[in-house]
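Protein chains in written order, with the working numbering: chain A, 1 to 462; chain B, 463 to 679.
Glycine is no exception: its CB is placed at the ideal position from the N, C-alpha and C atoms.
Below: one structure, written as C-alpha cells.
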Amino acid sequence: MLNFLFNVKSVAVIGASQDPMKIGHAIMENVLGTGFSGKIYPINPANKEIMGLRCYMNVTEVKDSIDLVVIALPASRSVEALSQCVEAKVKCVIIVAGGFSELGGEGRALQDQINEMIKGTQTRVIGPNTVGVLFPYSNLNTALTPKERIYYPGRGEIAFISQSGALGLLTMDSITEYDLGISGFVNIGNRTDIDESDLLQAFSEDIHTKSIAVYLESVSDGNKFYEIVKRVNLKKPVVVLKTGRSEASSRAASFHTGALASDDRVIDGILKQAGVQRALDEVDLIDYGKALAYGKPLKGKRIAIITTAGGAGVVTTDLLTSNEYGPALDLTKFNDTETAEMKKAVLPFASVANPIDLTADGNVDTYEIILDVISKSGNVDGIIAYALPQTPKIDLGIVDVLSKYARNKPMVVGVIGNRLAKDVLRELEKKRIPAYPSISRSVKAMKVLYNYGHFLNRRGVP
Amino acid sequence: MSNNFSKGSGNSSIITEYEAKCMLKSKGITVPEGILVKDLPAKLSLKFPLVLKISSSTILHKSDAGGVRLGIRDMEELRQEFSDMKLKFPYSDFLIESMVGKGAEFIVGVVTDPVFGHMIMLGSGGIYTELYGDVTFRKIPIDAIDAEDMISDIKSGAFCEGFRGMQIDCKILADLLIRISDIVLGLGKIDTMDLNPVIVDREKATVVDAKIRLTVT
C-alpha cells in the first residue's frame, strides 16, 4: 500500500524558504540537491520563486497530482496545511513539526485533529515530529539537516525505520564512513498514521531491500507488529533496537513475578518468537542489518577462522566460543585430508589448525588456497576471515579472493586498522561482503548469521 | 510477591486455588490429589504425606498468614493440625492434598501485557526466579517450537539433559506450556495466571499451587 513511497514522482514543500535559517530551506536544498528527477513544488505565499523554481500559494494551486508533501511549518499551521493536502488528494504528507502528542494535552488534541482529518481519505501521514525520509534509489531526500553538516548514505540494501529522528540521522552519517548505503530511511516520529509495522510490510516488498533495521522506543500496536514482523522476518531478516520502558513494566508488575517481568522481557520474548535479531545500540543495529543483507545464514555452528595475525585469531576464538561473552559457536576440526592440503600450501611455521594463521608472511595466493579448502569442507558452516593489509604480501587483491568464496559459504570479514584497512573495508563494501572494523563486531555479525539461520532451520525455511 | 499478583488489571476477580486446580485438571493438567472440606472427614483416601491449606480467594499469602501445613505424616498429625487451623480460620474451607515428590521446580505464568496482550512466562522455579530473574516470555498462542525455545532460554532447561542426578522430561513441560496457552486462548477471560511451583520429573509436570485471576466484563 505504501510502495509508492519508493518511487515518488512529485514532491511539494510547504514552508519552502529562501532563508537559510529556516528548515524549509534545508529541506528544499536536500530535495533539490540529491538529484531527484521528479517534479518539485515549493509552496510559500510570500514568494514567487524559490531556488529557481516557481513557488505556489498552496497545494491546491498545483494542478498536477502530488505524491508527497513535506509540511515544514509550526505545529498549529501544519494542521491547516494538511487539510489542503487532503483536499488536493495528496498520497502522503510528512509533518515535520514537533509539538504534538509528545507534549501531551493540547498537543495530543492537535494530533487527534490530524487523524480526524485523514480518516477515510487516501492521504497518509508520516510523523508528526519527524526529520523526514530518504530514498536513495529515487534520489529523494526530505531530511531537515543541511548537507554541510552530515553525509547521507547512498544506495544500499538495508532499510532503516527509526522512531528517533536525531539518532536516525547520526547513524546514517556514521555508516557513510565505509560507504555503506541504504535502501530507504523513514523517521516515523509520533507515527500518528504510518507506523513501524506499515513500513516493515512496505520494505518487505521493496526489491532493493535485503534486510530491515528498526529503531523503536515503543511499539504502537503490539498485535499488528507481532503479526507483521514475524511474517516479514521469514522473508527478509529484521533487526530491532528497542529501548525504553513503557507502562508495560508497571502493568506487568501486577503479575506475581512483577518485579522481574519488566516490559523489556516481554519485548525480548516477542522478538525471539518472531526470530528477530535484537541490537543493543546503533552500531549493532546497522552491523546486524549488514550481516543479514549481505551474508548467508549459517546452517550449523562450526566456524573456520583464517588470519595473518595470530592474535586476531586467538581473540576471535575466545569471543566466538564463549557462552558468557559470545555466541558459543564451535571451531571446526579439520580432517587429515584437509589438514594435509593446507599444510602443502603454507610455510612450515604457519598453523593450519583452527584458527589458521598464515603469519605476517601470508600472501593472497596462499590465502586463496586455504579458502578453497575450507569453503569446500563439509565440516565448515561459516568462515571468519581477516583481511589485514598492513603486511607487504596482502594487497587489495584479497578483496576479489574473499568475494569469490563468500558466494558459497557464510563469511564475515574482519579488517583492523586505519590507513590501508579503510580502503579494504570500502572495497569489501562495494562487493557486498559483510566486513567489520573490529574483532568483536565481526564475531557479533557471525552470531546473528548463526541465530537467523538457526531460526529459519527451526521454522523449516530452506 | 503475591501482593503484586493481587493488583491485577482493571476489573478482575481471583478464583480460589481449588477452583483453579479443578479447571486445570479438567484441561488435562496434572494437579495434586486433593479434597476441599469444611471439616475433617472420618475417612481419607489421600496418600500421605499431606498438605493442609486454607482455601481463600482473599488471603493470597497463605503461608505468611499461617494457613499452610506441610509434610503431615499420618492421620493423627492431620487431626491435630486441622483443629489448630480450624481455630485460626473458623469460617474457612480447607484444601487437603497429597504432597508432590521431588523434581525440578519451575514457575509458569500468564500476564496481560498492555501492548502485546496475553504473554506466557516460564521461569526457573524457587529462589532462582527471584534471585536471577531467570524467566522468559512468549506471546500466546505458542506452538511446540516456541515451548521448546522457552525451556532452552532458562537455566533450569539444563535439567532436560540431566544435571546433578536430576533428569526431567522436557516434552512434558513443553506440553504443559502449550496447554496453558490453549486454555488462555480458549477462555479469553484470563487476566493473570501464576502456577508456582510446577514440579517436573520424568513422568509428569504437577501444578502444586495455582492462582488465577479472571477479567470481569
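Look at the alpha carbon of residue 41 of chain A and the alpha carbon of residue 81 of chain A, and state the distance between them as a whole number of angstroms.
-> Approximately 14 Å, taken between the alpha carbons.
Cβ pair residue 113 of chain A, residue 89 of chain A closer than 8 Å | For residue 113 of chain A and residue 89 of chain A, no; Cβs fall outside 8 Å.
Using the beta-carbon count (16 or more within 10 Å), is residue 532 of chain B buried or exposed?
-> Residue 532 of chain B is exposed by the Cβ-count criterion.
Unbroken alpha helix (DSSP H) run spanning residue 272 of chain A, endpoints | For residue 272 of chain A, the enclosing alpha helix (DSSP H) starts and ends at 263 to 274.
From the DSSP output, which residues share a beta bridge with residue 334 of chain A?
-> In DSSP, residue 334 of chain A forms no bridge with anything.
Are the CB atoms of residue 338 of chain A and residue 178 of chain A nearer to each other than 8 Å?
-> Note that the C-beta distance between residue 338 of chain A and residue 178 of chain A is not below 8 Å.
Residue 392 of chain A versus residue 361 of chain A: straight-line alpha-carbon distance, rounded | So the two alpha carbons sit approximately 8 Å from each other.
Write down every uninterrupted run of the beta strand (DSSP E) in the region 81 to 128 of chain A whose length is 3 residues or greater and which is fully enclosed by it, in chain order.
-> Within the region 81 to 128 of chain A, the complete beta strand (DSSP E) runs of at least 3 residues are 92 to 95, 124 to 126.
Is it true that the CB of residue 288 of chain A sits closer than 8 Å to the CB of residue 277 of chain A?
-> In terms of Cβ geometry, residue 277 of chain A and residue 288 of chain A form a close pair [threshold 8 Å].
DSSP-derived helix/strand/coil call for residue 36 of chain A | Coil.
Which listed residue (A:148, A:163, A:105) has its alpha carbon closest to that of residue 133 of chain A = For the set A:148, A:163, A:105, the Cα lying nearest the Cα of residue 133 of chain A is the one of A:163.
Looking at the C-beta of residue 248 of chain A, does it have a partner C-beta in chain B at a distance below 8 Å?
-> At residue 248 of chain A, the pLDDT of 49 sits below 50, so the modelled position is not reliable and the matter cannot be decided from this model.
Note down the Cα distance separating residue 127 of chain A from residue 519 of chain B, rounded to an integer number of angstroms.
-> In a straight line, the C-alpha of residue 127 of chain A is about 48 Å away from that of residue 519 of chain B.
Should residue 510 of chain B be flagged as near chain A, meaning a C-beta pair shorter than 8 Å?
-> Contact with chain A is absent for residue 510 of chain B, since none of that chain's Cβ atoms lies less than 8 Å from the residue's Cβ.
Note the first and the last residue of the continuous alpha helix (DSSP H) segment covering residue 542 of chain B.
-> Secondary structure note for residue 542 of chain B: its alpha helix (DSSP H) is the uninterrupted segment 537 to 550.
Under 6 Å Cβ to Cβ from residue 233 of chain A, same chain only, skipping five residues before and after it: list those, please.
-> So the list reads 274, 275, 276, once near-sequence residues are dropped.
Between the region 139 to 165 of chain A and chain B, which residues of the former have a C-beta closer than 8 Å to a C-beta of the latter?
-> Cβ contacts with chain B come from no residue of the region 139 to 165 of chain A.
Please list the partners that residue 621 of chain B has in chain A, where partner means a Cβ-to-Cβ separation under 8 Å.
-> Near residue 621 of chain B there are no residues of chain A at all, since even the closest Cβ is about 18 Å away, more than 8 Å.
Should residue 252 of chain A be flagged as near chain B, meaning a C-beta pair shorter than 8 Å?
-> Any reading at residue 252 of chain A is ruled out, since the residue's pLDDT is 42, under 50, leaving its predicted position unreliable.
Residue-chain proximity (residue 214 of chain A, chain B), Cβ-Cβ < 8 Å = It does not; no Cβ of chain B falls within 8 Å.
With a threshold of 16 other CB atoms inside 10 Å of the CB of residue 61 of chain A, please say whether the residue is buried or exposed.
-> So residue 61 of chain A counts as exposed.
Can you name the residues of chain B whose CB is closer than 9 Å to the CB of residue 219 of chain A?
-> At a C-beta separation below 9 Å, residue 219 of chain A has these neighbours in chain B: 577, 578.
Reduced DSSP category for residue 657 of chain B - H, G, I as helix; E, B as strand; rest coil = Taken through DSSP and simplified to helix, strand or coil, residue 657 of chain B comes out as strand.
Can the beta-carbon of residue 558 of chain B be found less than 8 Å from the beta-carbon of residue 587 of chain B?
-> Residue 558 of chain B is not a Cβ neighbour of residue 587 of chain B, given a cutoff of 8 Å.
Test item: CB-CB of residue 47 of chain A and residue 18 of chain A under 8 Å | In this structure, residue 47 of chain A places its C-beta atom within 8 Å of the C-beta atom of residue 18 of chain A.
CB residue 405 of chain A to CB residue 377 of chain A, shorter than 8 Å?
-> No, they are not a contact pair.
Collapsed DSSP secondary structure at residue 585 of chain B in the structure displayed = Looking at residue 585 of chain B - three-state DSSP - the assignment turns out to be strand.
According to the neighbour-count rule (16 or more other Cβ atoms, all chains shown, within 10 Å of its Cβ), is residue 482 of chain B buried or exposed?
-> Taking a 10 Å sphere around the C-beta of residue 482 of chain B, we find 16 or more other C-beta atoms and assign the residue as buried.
Interface residues of chain B around residue 458 of chain A at Cβ under 9 Å?
-> Residues of chain B passing the Cβ test: 607, 610, 611.
Min CB distance residue 201 of chain A to chain B below 8 Å = Under the 8 Å criterion on CB atoms, residue 201 of chain A is classed as non-interfacial with respect to chain B.
Determine which residues of the region 265 to 293 of chain A have a Cβ less than 8 Å from any Cβ of chain B, and write them out in chain order.
-> Listed by position along the chain: 265, 266, 268, 269, 270, 272, 273.
Bridge partners of residue 141 of chain A, per DSSP?
-> DSSP lists A:134 as partners of residue 141 of chain A.
Extent of the continuous alpha helix (DSSP H) to which residue 309 of chain A belongs | Premise fails: residue 309 of chain A is in no alpha helix (DSSP H) and is neither H nor E.
Distance, residue 168 of chain A Cα to residue 249 of chain A Cα | Low confidence applies here, because residue 249 of chain A scores a pLDDT of 41, under 50, leaving its location unreliable and the question unanswered by this model.
Touching or not, the region 203 to 213 of chain A and the region 142 to 151 of chain A, by the rule of three or more beta carbon pairs under 8 Å?
-> Counting C-beta pairs with one atom in each stretch, the region 203 to 213 of chain A and the region 142 to 151 of chain A have fewer than three that are closer than 8 Å, which means they do not touch.
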